[in-house]
Ligand code: GLA
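In the working numbering, the protein residues as written are 4 to 396.
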């Protein structure tokens, strides 16, 4: 734990005077290893929770008032609202909308929240990095509501409510992956999730002698104004057309061969490429877990590479920045595989790199990226961590 926790305590003390009964909670960020843009297509994903995330110090109030302060948004100062104002998105509330959305969704599902609270928040997930700072906050709030007020809510319920917040309150049609892995994350494991059934298995993900490097494009982006919702609509269109011939519920129901045999229905249209990605990426994800279970990291890396290429040429969600990072990463001897992670359009890419090559890797990628894009990327070494928890100091 770093000095930010002390800073949170000091701020809490200053704003709300008594900090002694404040409780400290944490919720992680996430990185997806493979299975991109498959989660709203009934396919598989393979993400893991990270040790970076979002912290909150919180204490219940006697009334229905809510008070928020974020160390990351210090300029916004103290934000004041109350439990009776959670019925719609309010631009004036900024980041607190994610919280109000969770309140709204909990109440909608029949959980009556009896009192308000005071809260100081701090997050160390770089914002707009595609490492799910928003889902981290949503699940943090859900976990706090569950714990403070004794609601019986499973990890899957938390994930579904976080997704509902994002879809209906915030207005981004995201799938279930981010909220799910954050709510159910397990140290040193990735989650192999079937998004059609929400069944999942945890699979050990420990890289001996190698590191999972996260590379941030540092390109500012907001998913709400990205082509995310457009890609989702394109896949829905493709599914509808395929359903005129096939008895399927999602694109994830198709094998590569079944897709190819029916692709004549889509050919000539851009939705052919979108649907092809969704189907092939699902197959790649299933294969990736198989090879990882056999400890074949090289094969895993090749599937990561193929995933990126498909996201670049067929799904078209990478962009110059992510491609520059991945191209540079692949040029380094000692890189086992590299791909964008998350929604794309900026955000982060990942690479599995031999430990001996790590310094050379960062140097080369940095130089090539600056040369092509004009500003610095950032690098983090991923540490795979647990889901949400209360931290008792
Ligand atoms: C974002 C969404 C997820 C998922 C990914 C792409 O992170 O929130 O639901 O669709 O993009 O795989």
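By construction, the Cβ of each residue, glycine as well, lies at the ideal position given by its N, Cα and C atoms.
Burial state of residue 115, where buried means 16 or more other Cβ atoms lie within 10 Å: Counting Cβ neighbours within 10 Å, residue 115 comes out exposed, since fewer than 16 surround it.
For residue 166: DSSP bridge partner residues: Answer is none; residue 166 lacks a bridge partner.
Whole-angstrom C-beta distance between residue 56 and residue 132, which should lie under 8 angstroms: With a Cβ gap of about 13 angstroms, residue 132 and residue 56 do not count as contacting.
Closer than 5 angstroms to the ligand GLA: residues, by C-beta to nearest heavy atom, in chain order: The set of residues whose C-beta lies within less than 5 angstroms of a heavy atom of the ligand GLA reads, in chain order, 39, 40, 42, 177, 178, 180, 181, 345 and 346.
Alpha-carbon to alpha-carbon, residue 153 and residue 121: Rounded to whole angstroms, the gap between the alpha carbons of residue 121 and residue 153 is 18 angstroms.
Test item: CB-CB of residue 222 and residue 32 under 8 angstroms: Their beta carbons are not under 8 angstroms apart, which means residue 222 does not touch residue 32 by this criterion.
Runs of beta strand (DSSP E) lying entirely within the region 106 to 181, each at least 3 residues, in chain order: Listed in chain order, the beta strand (DSSP E) elements of length 3 or more contained wholly in the region 106 to 181 are 120 to 126.
Residue from 59, 53, 136 and 209 whose Cα sits closest to the Cα of residue 7: Between residue 7 and the set 59, 53, 136 and 209, the nearest pair of CA atoms involves 59.
Spatial neighbours of residue 18 in its chain, beta-carbon cut-off 8 angstroms, leaving aside the 5 residues before and after: The residues are 70, 72, 81, 121 and 123.
From 86, 92 and 97, residue whose alpha carbon lies closest to that of residue 76: Restricting attention to 86, 92 and 97, the CA atom closest to the CA of residue 76 is found in 97.
CB-CB length for residue 351 against residue 219, believed under 8 angstroms: Here residue 351 really is in contact with residue 219; their C-beta atoms are around 5 angstroms apart, less than 8 angstroms.
Sufficient close CB pairs (3 or more, under 8 angstroms) joining the region 203 to 216 to the region 237 to 248: By the criterion of at least three beta-carbon pairs nearer than 8 angstroms, the region 203 to 216 is not in contact with the region 237 to 248.
Beta strand (DSSP E) segment containing residue 219, residue limits: Element bounds for residue 219: 213 to 219.
Reduced DSSP secondary structure (H/G/I, E/B, other) of residue 238: DSSP places residue 238 within a helical segment (H, G or I) once states are collapsed to three.
Residue 367: first and last residue of the uninterrupted alpha helix (DSSP H) it sits in: Note, residue 367: alpha helix (DSSP H), 361 to 376.
Between the CA atoms of residue 279 and residue 263 - distance to the nearest angstrom: When rounded, the separation of the alpha-carbon atoms in residue 263 and residue 279 is 8 angstroms.
CA nearest to the CA of residue 168, picked from 371, 106 and 190: When 371, 106 and 190 are compared, the shortest CA-CA separation from residue 168 is found for 106.
Buried versus exposed call for residue 100 [16 or more other C-beta atoms within 10 Å across all chains shown]: With 16 or more other Cβ atoms within 10 Å, it is buried.
Contacting residues, own chain, Cβ-Cβ under 7 angstroms from residue 207 (five flanking each side not counted): Contacts found: 191 and 192.
Reference residue 313, options 298, 301, 292 and 343, closest by Cα: Comparing Cα-Cα distances from residue 313 to each of 298, 301, 292 and 343, the minimum goes to 343.
Residues near residue 27 by beta carbon distance below 6 angstroms, same chain, minus five either side: For residue 27, where only same-chain residues beyond five positions count, the Cβ hits under 6 angstroms are 60 and 394.
Residues that DSSP places opposite residue 381 in a beta bridge: According to DSSP, which records beta bridges pairwise, residue 381 is partnered with 219.
When 324, 297 and 333 are compared against residue 309, the one with the closest alpha-carbon: Closest option to residue 309, Cα to Cα, is 333.
Residue(s) in a DSSP beta bridge with residue 31: When DSSP reads this structure, residue 31 sits in a beta bridge with 56.
The ligand PLP heavy atom lying under 7 angstroms from the CB of residue 40: Ligands present in the displayed structure are limited to the ligand GLA, and the ligand PLP is not among them.
Run of the beta strand (DSSP E) containing residue 197, from where it starts to where it stops: That run of the beta strand (DSSP E) goes 192 to 197.
Residue interval of the alpha helix (DSSP H) (run including residue 313): Under the DSSP assignment, residue 313 falls in the alpha helix (DSSP H) whose first and last residues are 300 to 316.
Nonlocal neighbours in the same chain, by C-beta distance under 6 angstroms from residue 341, ignoring five residues either side: The residues are 329, 332, 333 and 354.
Residue span of the beta strand (DSSP E) that contains residue 71, given as start and end: Secondary structure note for residue 71: its beta strand (DSSP E) is the uninterrupted segment 68 to 73.
The region 269 to 278 / the region 295 to 306 touching (three or more Cβ pairs under 8 angstroms): The region 269 to 278 makes no contact with the region 295 to 306, as fewer than three CB pairs between them are under 8 angstroms.
Alpha helix (DSSP H) segment containing residue 275, residue limits: Start and end: 273 to 296.
7 angstroms CB neighbourhood of residue 281 in its chain, flanking five on each side removed: Counting only Cβ-Cβ distances below 7 angstroms, and skipping sequence neighbours, we find 40, 41, 44, 46, 238 and 254.
Assigned secondary structure, residue 231 (DSSP; H/G/I helix, E/B strand, else coil): The answer is helix: DSSP assigns residue 231 an H, G or I state.
Reference residue 160; option with closest CA among 175, 186 and 147: That would be 186, whose Cα lies nearest to the Cα of residue 160.
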